[in-house]
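Enquirer: Residue numbers (the numbering used here): 7 to 384.
Beta carbons are placed, not taken as given, at the ideal position from N, Cα and C, and that holds for glycine.
On a predicted model such as this, the values are computed, not experimentally measured, just so you know.
#1: Go to residue 223, then tell me how far its beta strand (DSSP E) extends in each direction, as first and last residue.
#2: Helix, strand or coil for residue 296 per DSSP?
#3: Where are the beta strand (DSSP E) runs, 3 residues long or more, that stay fully inside the region 170-194, in chain order?
#4: Nearest by alpha-carbon distance to residue 293: which of 317, 156 and 299 is it?
#5: Could you give the distance in angstroms between the alpha-carbon of residue 61 and the alpha-carbon of residue 361?
#6: Quick check on this structure: which residue in 89, 195, 216 and 190 has the alpha carbon closest to the alpha carbon of residue 207?
#7: Span of the beta strand (DSSP E) holding residue 347?
#8: Would you mind working out which of 326, 277 and 41 sits nearest residue 299, comparing C-alpha positions?
#9: In the DSSP assignment, what are the bridge partners of residue 212?
#10: I'd like to confirm the pairing. Which residues does DSSP put opposite residue 90 in its beta bridges?
#11: Taking all protein chains shown into account, do 16 or more other C-beta atoms lie within 10 angstroms of the C-beta of residue 179, making it buried, or fewer, making it exposed?
#12: Indicate the three-state DSSP secondary structure (helix, strand or coil) for residue 322 in the structure shown.
#13: Given residue 152, which residues of its chain have a CB within under 6 Å of its CB, disregarding the five upstream and five downstream residues?
#14: Who does residue 250 pair with in a DSSP beta bridge?
#15: Exposed or buried, what is residue 373 when buried is set at 16 or more other beta-carbons lying within 10 Å of its beta-carbon?
#16: Would you check if the region 124-138 and the region 65-83 touch, i.e. whether three or more CB-CB distances between them fall below 8 Å?
#17: Return the CA-CA distance between residue 235 and residue 276, expressed in angstroms with no decimal places.
#18: Work out the CA separation of residue 138 and residue 258 for me, nearest whole Å.
#19: With contact counted as at least three CB pairs below 8 Å, one residue from each stretch, are the region 345-360 and the region 43-56 in contact?
#20: Could you give the first and the last residue of the continuous beta strand (DSSP E) run that contains residue 307?
See the structure below:
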């Protein structure tokens with residue numbers, strides 16, 4: 007990756023310039039003025055069509071996390087995320103080297119027993135097939151990393167340059183997609199365009215092979231998939247978010263997030279979804295509580311992250327405690343997105359309807375180090 011491509015990536019994510027045509031664009035133009043489509047409450051998500059790429063929107067990601075165990079019980083958490091960031095929807099330069107989109111990807115594996123967190127990343131443009139995302143079917147790739155669908159199952163393949171960190175996983179969708187917000191239209195702010203189309207596959211039985219530290223393991227467990235696309239997500243007063251995906255042993259799945267404002271308060275556009283065997287419940291900001299507890303300070307970025315939380319959904323009788331399985335699960339992605347964030351596996355313990363439950367999940371925390379995320383997803 008060249009220094010110029012790094013600069014283009016940062017410019018694309020900050021939404022203030024475009025490769026090749028930066029001089030012709032005003033830095034105050036909105037993304038929609040540059041021709042990108044905004045999320046629309048009238049859009050109907052349809053599958054399998056909407057698993058594929060949506061090149062008319064500026065920002066898109068396919069996000070997978072999971073908790074896996076090897077034979078003998080050794081536990082791992084993993085994250086694989088593919089990002090597409092639009093730079094110039096209609097490049098004036100007809101060359102295949104013109105940068106319409108940038109493609110970034112993150113791979114992280116947490117070795118719980120050893121308390122280690124390993125990260126690899128990718129940044130590419132389409133060029134001569136280096137990276138891309140198919141608008142017709144679920145196929146995203148980035149320099150040897152790939153997300154594909156095989157006989158209905160999702161397959162993830164990613165590896166670090168030296169091959170000492172890798173995943174090759176098969177994920178079986180066990181239930182239909184869960185639509186968040188209003189039919190998959192997830193509002194993020196006061197302006198209607200600050201929104202995304204957002205859905206999840208909340209519990210995917212997973213098998214495959216994982217390599218960490220050069221040693222490979224056959225693994226099995228459960229994964230979570232998010233797919234989100236839009237053009238302008240956040241507003242200037244929003245700093246970032248605290249996001250949970252939780253799978254409880256009674257079959258309940260929860261997606262909850264707090265959008266944090268610059269003054270530390272919770273944004274009223276925060277929301278969540280709870281999936282039980284009885285159905286799906288959509289939550290507004292006042293329907294649940296996410297209360298931070300113990301914190302961990304990164305010696306690298308200086309960010310101070312709450313790695314223990316108390317979670318309550320009173321209307322459903324849910325009271326949970328969630329805590330990081332390993333405190334140090336920060337990603338510093340200077341070679342791709344340039345964003346520093348905490349993303350890691352968590353343990354969950356509590357009650358639902360007075361009955362004890364346990365679970366595992368993933369927690370993502372953004373905006374604790376570096377610039378506010380509203381400067382990135384704007």
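Expert: Well, looking at it:
#1: Numbered from 1 along the chain shown, position 217 holds the residue referred to as residue 223. Unbroken beta strand (DSSP E) run through residue 223: 221-236.
#2: As a working mapping, residue 296 is identified with position 290 in the chain shown. Here residue 296 sits in strand by DSSP.
#3: Runs found: 171-177 and 191-193.
#4: For the purposes of this step, residue 293 is taken as the residue at position 287 of the chain shown. Nearest to residue 293 by alpha-carbon distance, out of 317, 156 and 299, is 317.
#5: Translated into positions along the chain shown, residue 61 becomes position 55. Translated into positions along the chain shown, residue 361 becomes position 355. Each residue's CA atom was taken as its position, placing residue 61 and residue 361 some 46 Å apart.
#6: For the purposes of this step, residue 207 is taken as residue 201 along the chain shown, with counting starting at 1. Of 89, 195, 216 and 190, the smallest CA-CA separation from residue 207 is found for 190.
#7: For the purposes of this step, residue 347 is taken as residue 341 along the chain shown, with counting starting at 1. Where residue 347 is concerned, the enclosing beta strand (DSSP E) stretches over 346-358.
#8: Taking the first residue of the chain shown as 1, we reach residue 299 at position 293. Distances from the CA of residue 299 to each of 326, 277 and 41 were compared; the closest alpha carbon is that of 326.
#9: The count along the chain shown starts at 1 and reaches residue 212 at position 206. Per DSSP, the beta-bridge partners of residue 212 are 177 and 227.
#10: Locating residue 90 in the chain shown gives position 84, counting from the first residue. Beta-bridge pairing links residue 90 to 66 and 109.
#11: In the chain shown, counting from the first residue as 1, residue 179 sits at position 173. Its Cβ being crowded by 16 or more others within 10 Å, residue 179 is buried.
#12: Sequence index remark: in the chain shown, residue 322 carries index 316 (1-based). In the three-state scheme derived from DSSP, where H, G and I count as helix and E and B as strand, residue 322 is classed as helix.
#13: Numbered from its first residue, the chain shown carries residue 152 at position 146. Once the five neighbours on either side are set aside, the close Cβ partners of residue 152 are 163.
#14: Here residue 250 refers to the residue found at position 244 when the chain shown is read from its first residue. 262 and 369, per the DSSP bridge assignment.
#15: Position 367 of the chain shown holds residue 373. In this structure residue 373 is buried. Its beta-carbon is surrounded by 16 or more other beta-carbon atoms within 10 angstroms.
#16: No, because fewer than three Cβ pairs between the region 65-83 and the region 124-138 fall closer than 8 Å, the two stretches do not touch.
#17: Walking along the chain shown from the start, residue 235 turns up at place 229. Walking along the chain shown from the start, residue 276 turns up at place 270. Annotation: residue 235 to residue 276 spans about 17 Å, alpha carbon to alpha carbon.
#18: To locate residue 258, count along the chain shown from 1; it is residue 252. To locate residue 138, count along the chain shown from 1; it is residue 132. Those two C-alpha atoms are separated by around 35 Å.
#19: With a cut-off of 8 Å, the region 43-56 and the region 345-360 do not count as touching, because too few Cβ pairs lie within range.
#20: Within the chain shown, residue 307 is the residue found at index 301, counting from 1. Judged by DSSP secondary structure, residue 307 falls outside any beta strand (DSSP E); it is assigned neither H nor E.
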